[in-house]
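Presented below is the structure to which this report refers.
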Amino acid sequence: MIIISDTSPLSSLALVGYLSILKDIYTNVVIPQAVANELANLTEEDIRIKAIISLNWIQVKQASNLELVACLSNDYNLDIGEAEAIAGSSRLCVIIFAYVRLNAYWARLLGLF
Numbered sequence: 000m001i002i003i004s005d006t007s008p009l010s011s012l013a014l015v016g017y018l019s020i021l022k023d024i025y026t027n028v029v030i031p032q033a034v035a036n037e038l039a040n041l042t043e044e045d046i047r048i049k050a051i052i053s054l055n056w057i058q059v060k061q062a063s064n065l066e067l068v069a070c071l072s073n074d075y076n077l078d079i080g081e082a083e084a085i086a087g088s089s090r091l092c093v094i095i096f097a098y099v100r101l102n103a104y105w106a107r108l109l110g111l112f
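Read in numbering that gives the first Met the number 0, the sequence shown has 66 at position 67, and its numbers run on one by one without any break.
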């Protein structure tokens with residue numbers, strides 16, 4: 000099973016030392032490029048969070064449906080990482096791992112689950 004994640008849940012799992020649980024549960028862990036950028040650009044954050052992007056079992060994928068990303072980001076005020084995660088899930092047919100409950104609402108609205 001594939002999971003695509005936003006920044007917040009990955010950061011939270013890394014801080015409490017449970018990030019590897021994703022590798023144990025899912026065959027593929029994917030983050031959108033925007034999430035990788037957010038993680039790389041963190042300042043004054045815990046080193047465990049910044050290390051996420053260097054893990055070889057986490058794949059970084061570029062968003063392909065840029066129109067949907069723009070719509071979610073601009074019209075519905077989701078940040079770019081959340082928007083790319085939702086847009087990517089529609090293409091990959093995967094589970095969205097998002098910290099914000101609102102993301103599930105938008106995913107349902109878009110018919111993703």
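Just so it is clear, CB atoms sit at the ideal spot from N, CA and C, and this is done for glycine as well.
Exercise. Is there contact here, the stretch 14-26 with the stretch 65-72, by at least three beta-carbon pairs under 8 Å?
Worked result: no
Exercise. Quick one, are the C-beta atoms of Val-29 and Trp-56 less than 8 Å apart?
Worked result: Taking the sequence shown and counting its residues from 1, one reaches residue 29 at position 30. Taking the sequence shown and counting its residues from 1, one reaches residue 56 at position 57. No, the pair does not count as a contact, with Cβ atoms beyond the cut-off.
Problem set entry | Residues near Ser-10 in its chain [Cβ-Cβ closer than 6 Å; skip 5 each side] | Start at 1 with the first residue of the sequence shown, and residue 10 comes out as number 11. Here the set comprises Ile-48.
Exercise. From Ser-72 to Ser-4, what does the alpha carbon distance come to, in whole angstroms?
Worked result: Numbered from 1 along the sequence shown, position 73 holds the residue referred to as residue 72. Numbered from 1 along the sequence shown, position 5 holds the residue referred to as residue 4. So the alpha carbons of these two residues sit roughly 16 Å apart.
Exercise. Who are the Cβ neighbours of Leu-14 in its own chain at under 8 Å, not counting the five residues just before and after it?
Worked result: Counting from one through the sequence shown, the residue named residue 14 turns up at place 15. The residues are Asp-45, Arg-47 and Ile-48.
Problem set entry | Rounded separation between Ala-84 and Pro-31 - CA only | As a first step, residue 84 must be located in the sequence shown, where it is residue number 85. As a first step, residue 31 must be located in the sequence shown, where it is residue number 32. Approximately 6 Å, taken between the alpha carbons.
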